[in-house]
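Accompanying notes for the structure given below.
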Amino acid sequence: MEKYRIDKSKGLEFGIFTLGDHIPNPNTGERISAKQRLNEIVELAKLSDQAGIDFFGVGESHQEYFATQAHSVILSAIAQATENIKIGSTSTIISTSDPVRVYEDFATVDLISDGRAEIICGRASRVGLYELLGYNLRDYEALFEERFDLLLKINEEEVVNWSGEYREPLKNAKILPRPKNESLPIWRAVGGTPASAMKAGYAGVPMMLATLGGPVSAFKNTIDAYREVAERSGFDPATLPVGTTSFFFAAESTQEAMREMYPYINEGMKLTNGQGFPKQAFAHGADPRSVINVGSPQEIIEKILYQHEMYGHQRYLAQMDFGGVPFDKLMKNVEIIGNEILPAIRKYTANK
Amino acid sequence: MKIVGISGSIVGSKTKTTMNYVAEEITKKYPDADFTLLDLADYQIQFSDGRNYLEYAGDTGYVTKTIMEADAIVIGTPIFQASIPATLKNIFDLLPVNAFRDKVISMFVTAGSAKHYLVIEQQLKPIISYMKGQIVQSYVFIEEKDFHQKKIVNDDVFFRIERLVEDTIVLTETYTKIREAKEDKYDF
Numbered sequence: 055m056e057k058y059r060i061d062k063s064k065g066l067e068f069g070i071f072t073l074g075d076h077i078p079n080p081n082t083g084e085r086i087s088a089k090q091r092l093n094e095i096v097e098l099a100k101l102s103d104q105a106g107i108d109f110f111g112v113g114e115s116h117q118e119y120f121a122t123q124a125h126s127v128i129l130s131a132i133a134q135a136t137e138n139i140k141i142g143s144t145s146t147i148i149s150t151s152d153p154v155r156v157y158e159d160f161a162t163v164d165l166i167s168d169g170r171a172e173i174i175c176g177r178a179s180r181v182g183l184y185e186l187l188g189y190n191l192r193d194y195e196a197l198f199e200e201r202f203d204l205l206l207k208i209n210e211e212e213v214v215n216w217s218g219e220y221r222e223p224l225k226n227a228k229i230l231p232r233p234k235n236e237s238l239p240i241w242r243a244v245g246g247t248p249a250s251a252m253k254a255g256y257a258g259v260p261m262m263l264a265t266l267g268g269p270v271s272a273f274k275n276t277i278d279a280y281r282e283v284a285e286r287s288g289f290d291p292a293t294l295p296v297g298t299t300s301f302f303f304a305a306e307s308t309q310e311a312m313r314e315m316y317p318y319i320n321e322g323m324k325l326t327n328g329q330g331f332p333k334q335a336f337a338h339g340a341d342p343r344s345v346i347n348v349g350s351p352q353e354i355i356e357k358i359l360y361q362h363e364m365y366g367h368q369r370y371l372a373q374m375d376f377g378g379v380p381f382d383k384l385m386k387n388v389e390i391i392g393n394e395i396l397p398a399i400r401k402y403t404a405n406k
Numbered sequence: 163m164k165i166v167g168i169s170g171s172i173v174g175s176k177t178k179t180t181m182n183y184v185a186e187e188i189t190k191k192y193p194d195a196d197f198t199l200l201d202l203a204d205y206q207i208q209f210s211d212g213r214n215y216l217e218y219a220g221d222t223g224y225v226t227k228t229i230m231e232a233d234a235i236v237i238g239t240p241i242f243q244a245s246i247p248a249t250l251k252n253i254f255d256l257l258p259v260n261a262f263r264d265k266v267i268s269m270f271v272t273a274g275s276a277k278h279y280l281v282i283e284q285q286l287k288p289i290i291s292y293m294k295g296q297i298v299q300s301y302v303f304i305e306e307k308d309f310h311q312k313k314i315v316n317d318d319v320f321f322r323i324e325r326l327v328e329d330t331i332v333l334t335e336t337y338t339k340i341r342e343a344k345e346d347k348y349d350f
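One line per chain: the protein sequences are A and B, in this order.
Take the first sequence: its position 87, counted from the start at 1, is 141 in the numbering used here, and no numbers get skipped.
Take the second sequence: its position 73, counted from the start at 1, is 235 in the numbering used here, and no numbers get skipped.
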């Protein structure tokens with residue numbers, strides 16, 4: 055775990071992440087400017103840092119209704135604006151970027167932030183960026199696998215000799231700068247199915263698992279599959295961090311949290327995915343067995359502790375800004391996390 | 163109520179002829195319904211490559227978005243090689259897995275002979291069910307001998323079309339009411 059800068063004695067890490075969506079507030083129909091959205095993301099990272107939150111992530115997305123196409127540039131601004139919080143990508147689409155440039159960027163962010171940068175690599179749930187950046191969608195899997203492997207190699211070796219199908223070979227190439235502490239934590243983003251998680255297991259890399267909806271027990275199966283495959287592939291699962299992500303919204307009561315959150319999730323899904331979030335499915339979010347962390351602070355604490363008991367994971371990332379949630383509500387949530395949720399989670403998960 | 167008709171083949175005339183009758187029945191008897199007929203022969207539609215339906219451009223994007231906005235879909239299809247035509251299957255492949263959630267689907271089927279009657283039960287209904295559609299269980303099956311010179315010549319077919327259109331509208335209205343009542347019960 056040390057390699058990935060995880061200190062288990064401190065308990066479950068709690069982070070916040072954004073996909074960088076830039077969506078009109080469904081209650082008012084108004085959309086803030088891209089400039090304001092980006093400033094607020096940096097501001098949210100600062101507040102998260104001050105609240106003692108462990109991690110802040112910004113994802114790369116190139117489609118309409120998003121503002122974080124240049125996510126590493128934003129992370130660089132966050133590196134400068136924050137002191138202690140770990141920062142990373144949620145996620146970087148390595149398939150359509152040169153791993154050398156990605157490594158240069160994140161090693162730089164790591165130095166600016168004094169050793170706080172991480173990379174989470176994903177395959178993209180949307181594919182518009184293939185056309186935009188000049189790649190063939192038919193190479194979707196092969197591009198990811200080759201480039202992810204190369205990124206891991208660059209992370210291990212300062213001087214790289216490499217050849218592959220989708221990039222010119224590297225001969226005694228020195229990839230600089232190097233991160234502050236030898237290597238960067240590099241995770242693989244996984245979309246929820248065991249088949250996808252097993253790929254992270256084969257590679258023996260940390261897994262960040264998106265859990266959009268459904269029971270915790272279903273995602274436990276996915277995590278078990280990941281650890282089993284990692285072990286069979288010669289890795290020690292005890293050294294490999296697991297993280298999960300899910301929707302998050304805290305308010306005075308469950309009813310209030312559900313009422314406040316639903317329009318954002320529903321409208322946001324409609325605009326970015328083409329289908330709303332069915333009320334029937336969202337109603338399950340109130341159930342203690344659900345992966346959706348919506349409710350009163352006490353209910354959320356109990357949910358996260360239950361998830362931790364089931365998953366044995368090292369980091370939870372909350373998505374609370376999806377669908378045009380206004381900044382004052384995000385600030386309020388950061389305050390609740392810092393004052394109520396973090397102390398309880400640390401109390402029960404530290405030194406385990 | 164948005165109703166979209168699909169004429170699922172780019173060759174032949176029986177399905178197109180049938181869907182024209184269906185269109186007339188809907189627009190004449192239910193003028194408040196917003197009806198669009200998509201004759202696949204009129205569009206250049208690419209094969210599905212797995213992307214989200216919002217990401218398709220041109221005709222493909224128009225057809226997928228129009229279907230996704232519908233409350234009810236009336237599908238017209240011939241039977242080819244004991245199944246539905248590839249052009250219609252491609253439409254399903256272009257859409258998300260839950261594309262027909264909260265949509266009512268009815269089917270108008272044309273074929274060379276009565277031997278093809280059960281193909282829909284085995285080939286089309288399972289796809290609609292998988293995609294979460296509310297199926298109007300009875301379908302209209304029309305065979306070669308019911309057509310003459312691009313017209314339907316069997317009066318019983320008109321009655322069957324009338325009934326299925328009515329059932330489709332009634333089920334859509336009912337289903338919408340049930341869903342709204344159910345959603346109102348949630349306090350969010």
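For every residue, glycine included, the Cβ atom is placed at its ideal position computed from N, Cα and C.
Note that the structure is a prediction, hence the values are computed from the model and not measured.
How long is the line joining the alpha carbons of residue i and residue j, rounded to whole angstroms?
{"i": "A:Val154", "j": "A:Leu206", "result": "11 angstroms"}
{"i": "B:Leu216", "j": "A:Asn226", "result": "44 angstroms"}
{"i": "A:Gly349", "j": "A:Lys386", "result": "14 angstroms"}
{"i": "A:Val163", "j": "A:Gly142", "result": "9 angstroms"}
{"i": "A:Gln373", "j": "A:Tyr280", "result": "23 angstroms"}
{"i": "A:Asp61", "j": "A:Thr403", "result": "12 angstroms"}
{"i": "A:Tyr370", "j": "B:Leu333", "result": "44 angstroms"}
{"i": "A:Glu118", "j": "A:Thr326", "result": "8 angstroms"}
{"i": "A:Phe302", "j": "A:Ile390", "result": "12 angstroms"}
{"i": "A:Met261", "j": "B:Ile304", "result": "55 angstroms"}
{"i": "A:Glu4", "j": "B:Val166", "result": "A query on residue 4 of chain A cannot be resolved here, the shown segment of chain A reaching from 55 to 406 and no further."}
{"i": "A:Tyr360", "j": "A:Gly297", "result": "15 angstroms"}
{"i": "A:Leu183", "j": "A:Leu191", "result": "9 angstroms"}
{"i": "B:Lys277", "j": "B:Gln285", "result": "14 angstroms"}
{"i": "A:Gln334", "j": "A:Lys57", "result": "42 angstroms"}
{"i": "B:Tyr224", "j": "B:Val184", "result": "22 angstroms"}
{"i": "B:Lys251", "j": "B:Tyr218", "result": "17 angstroms"}
{"i": "B:Phe254", "j": "B:Asn214", "result": "12 angstroms"}
{"i": "B:Tyr348", "j": "A:Phe336", "result": "10 angstroms"}
Can you tell which of the options has the C-alpha that lies nearest to the C-alpha of residue i?
{"i": "B:Asp203", "options": "B:Thr249, B:Phe197, B:Glu342 and B:Met230", "result": "Per the sequence presented here, residue 203 of chain B reads as Ala, with Asp not at that position. The residue with the shortest Cα to Cα distance from B:Ala203 is B:Thr249."}
{"i": "A:Glu363", "options": "A:Tyr58, A:Lys274, A:Val156 and A:Ser145", "result": "A:Lys274"}
{"i": "B:Gly295", "options": "B:Glu345, B:Asp233 and B:His278", "result": "B:Asp233"}
{"i": "B:Pro288", "options": "B:Lys313, B:Lys277 and B:Ile246", "result": "B:Ile246"}
{"i": "A:His338", "options": "A:Asp375, A:Leu384, A:Gly392 and A:Val270", "result": "A:Val270"}
{"i": "A:Ala249", "options": "A:Ile277, A:Trp241 and A:Gly268", "result": "A:Ile277"}
{"i": "A:Ile319", "options": "A:Thr308, A:Ser307 and A:Pro332", "result": "A:Pro332"}
{"i": "A:Leu73", "options": "A:Thr293, A:Ala264 and A:Ile395", "result": "A:Ala264"}
{"i": "A:Leu98", "options": "A:Gly113, A:Val388 and A:Arg192", "result": "A:Val388"}
{"i": "A:Asp290", "options": "A:Gln309, A:Pro317, A:Ser237 and A:Val259", "result": "A:Val259"}
{"i": "B:Lys313", "options": "B:Lys164, B:Met163, B:Ser169 and B:Asn182", "result": "B:Asn182"}
{"i": "B:Ile237", "options": "B:Phe350, B:Val319, B:Tyr192 and B:Val298", "result": "B:Val298"}
{"i": "A:Leu92", "options": "A:Ser126, A:Ser300 and A:Ala171", "result": "A:Ser126"}
Show which residues of chain B have a CB atom less than 9 angstroms away from the CB atom of residue i.
{"i": "A:Leu191", "result": "Asp211, Gly212 and Arg213"}
{"i": "A:Arg313", "result": "Asp349 and Phe350"}
{"i": "A:Tyr402", "result": "The contacting residues do not exist; A:Tyr402 stays about 29 angstroms from chain B at best."}
{"i": "A:Gln373", "result": "Simply none; closest approach about 18 angstroms."}
Using a C-beta to C-beta distance shorter than 7 angstroms, which residues of chain B count as neighbours of residue i?
{"i": "A:Lys333", "result": "Glu345 and Tyr348"}
{"i": "A:Ala337", "result": "Tyr348"}
Given that residue i touches chain A, what residues does it touch there, using C-beta distances under 8 angstroms?
{"i": "B:Leu256", "result": "Chain A residues near B:Leu256: none, gap ~12 angstroms exceeds 8 angstroms."}
{"i": "B:Met293", "result": "Chain A residues near B:Met293: none, gap ~12 angstroms exceeds 8 angstroms."}
{"i": "B:Glu217", "result": "Gln117, Arg180, Val181 and Gly182"}
{"i": "B:Arg263", "result": "Gln329 and Pro332"}
Which bits of chain A does residue i rub up against, with CB to CB less than 9 angstroms?
{"i": "B:Glu342", "result": "By Cβ distance, chain A contributes nothing, its closest Cβ being about 11 angstroms from B:Glu342, past 9 angstroms."}
{"i": "B:Asn260", "result": "Gln329 and Pro332"}
For residue i, which residues in chain A fall below 7 angstroms Cβ to Cβ?
{"i": "B:Met163", "result": "None at all; the shortest Cβ gap to chain A is about 18 angstroms."}
Mind pulling the chain B residues with CB within less than 8 angstroms of residue i?
{"i": "A:Tyr316", "result": "Phe350"}
{"i": "A:Gln309", "result": "Asp349 and Phe350"}
The stretch 308-320 of chain B contacting the stretch 167-182 of chain B, beta-carbon criterion three pairs below 8 angstroms: Yes, the stretch 308-320 of chain B touches the stretch 167-182 of chain B.
Beta strand (DSSP E) segments (min. 3 residues) lying fully within the stretch 69-142 of chain A: Those beta strand (DSSP E) runs which fall completely within the stretch 69-142 of chain A and span 3+ residues are 109-112.
Tell me, please, whether the stretch 195-211 of chain A touches the stretch 239-248 of chain B by the rule of three or more beta-carbon pairs shorter than 8 angstroms. Contact between the stretch 195-211 of chain A and the stretch 239-248 of chain B is absent, because fewer than three Cβ pairs lie under 8 angstroms.
Within the chosen definition, does the stretch 82-94 of chain A reach the stretch 331-350 of chain A through at least 3 CB pairs nearer than 8 angstroms? The stretch 82-94 of chain A, when compared against the stretch 331-350 of chain A, does not touch it at the 8 angstroms Cβ threshold.
Touching or not, the stretch 159-174 of chain A and the stretch 228-235 of chain A, by the rule of three or more beta carbon pairs under 8 angstroms? yes
Taking only runs of the alpha helix (DSSP H) that begin and end inside the stretch 226-311 of chain A, which ones reach a length of at least 4 residues, in chain order? 248-257 and 270-286
What ranges does the alpha helix (DSSP H) occupy inside the stretch 308-345 of chain A, keeping only unbroken runs of at least 4 residues that lie completely in it? 308-327 and 333-337
What runs of the alpha helix (DSSP H), each 4 residues or longer, lie entirely inside the stretch 176-213 of chain B? Runs of the alpha helix (DSSP H) inside the stretch 176-213 of chain B: 176-191.
Can you check the stretch 212-262 of chain B for any alpha helix (DSSP H) of at least 4 residues that lies completely inside it and give the ranges in chain order? 220-230 and 248-256
On the three-pair Cβ rule with 8 angstroms, is the stretch 234-243 of chain A touching the stretch 313-327 of chain A? no
I'd like to know if the stretch 375-392 of chain A and the stretch 280-294 of chain A are in contact, where contact means that at least 3 CB-CB pairs between them fall below 8 angstroms. no
Complete runs of the alpha helix (DSSP H) confined to the stretch 368-406 of chain A [at least 4 residues]: 381-390 and 396-403
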